[in-house]
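For the sequence shown, the positions run 42 to 262 when the working numbering is used. Written out below as structure tokens is the structure these notes cover.
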Amino acid sequence: MGKLGKTAAVTTATKPLWTARAAAKAGKTAPAWSAKAVRVLGGEDAVDVLTRQHRQIKIGFLRAALPGPPRRRNFDRLMRLLAVHEAAEEAHVHPVARRALEHGRELAARRRQEEKEAKELLVALWRTGPEGRGYLRLLNQARRAVTGHAAREEREEFAALREAVSATRLRMLGAEVKLTQAYAPTRPHRWVNNEATNKLAAPLLGPLDRARDAVRHRMAR
Ligand SMILES: [Fe+2]
Ligand SMILES: [Fe+2]
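Written out as structure tokens, the structure reads:
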């Protein structure tokens, strides 16, 4: 094969790989490991996982307002669900929206700002606790902020992701969401509110929060 022939062969062989990488970077297709991850973690896509959790969060706020002994347990469950839910969105879903959607940068910035404001309320709620003064007032404030934010995510971000991102890539994103939620911190942390800090917090604060949860759970028995 002549010099020109060799160059042409190399170009033909490498072009599809480059194209796949570039498309994956743009959030439109799935990287190679995704098929296996999706098989292991189930085929639910990110929008389905997160929308289901939005419904659970709404119910969780109602349960956490109920009086009596179950209030503490319901509160802990709600805080944990909110923490892992937002961690996955901030670390994986908003970055994909930012890259893949038209006006994705502004859209993701608005969602992150809402999450930052809601987190301030959740930190105050966490510190107050279900036995503290002003608990129901703070719970209600946080409920309004979180459910309004969730409705905007579904309407503006998730619907657009379904249009712009392939079904395979969304399923892979669902796997990333589930994996992240298995290790993420379980309580709100004020400074953990974007992609970088969430990725940093998962191996540091995740195990710490879970160890504290286990101790508290043991002491409560
Ligand atoms: Fe969110
Ligand atoms: Fe959400």
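For glycine and all other residues, C-beta sits at the position ideal for the given N, C-alpha and C. Note that this is a predicted model, so its numbers are computed, not measured.
Boundaries of the alpha helix (DSSP H) harbouring W167: 145 to 169, taken from the DSSP string.
Three or more beta-carbon pairs separated by less than 8 Å link the region 130 to 137 to the region 199 to 219, which places the two stretches in contact. From the listed residues L179, L246, R174, L202, the smallest Cα separation to A128 is found for L246.
Rounded to whole angstroms, the gap between the alpha carbons of L211 and R231 is 29 Å. E197 has its Cβ no nearer than 8 Å to any heavy atom of ligand 1. Between ligand 2 and the CB of L91, the shortest heavy atom gap is smaller than 8 Å.
Distance from the CA atom of E204 to the CA atom of T221, rounded to whole angstroms, is 24 Å.
When S207, L107, E195, R113 are compared, the shortest CA-CA separation from V90 is found for E195.
Shortest Cα-Cα distance from T238 to any of F102, K157, P110 involves K157. The residue among D117, D86, H95 with its C-alpha nearest the C-alpha of A255 is D117.
Taking 9 Å as the cut-off, the Cβ atoms of P171 and R113 count as close. Here the alpha carbons of L103 and L241 stand approximately 32 Å from one another. Taking 9 Å as the cut-off, the Cβ atoms of A165 and V187 do not count as close. Exclusion of the five residues before and after Y224 leaves A243, G247 as the residues of its chain whose Cβ lies within less than 6 Å of its Cβ.
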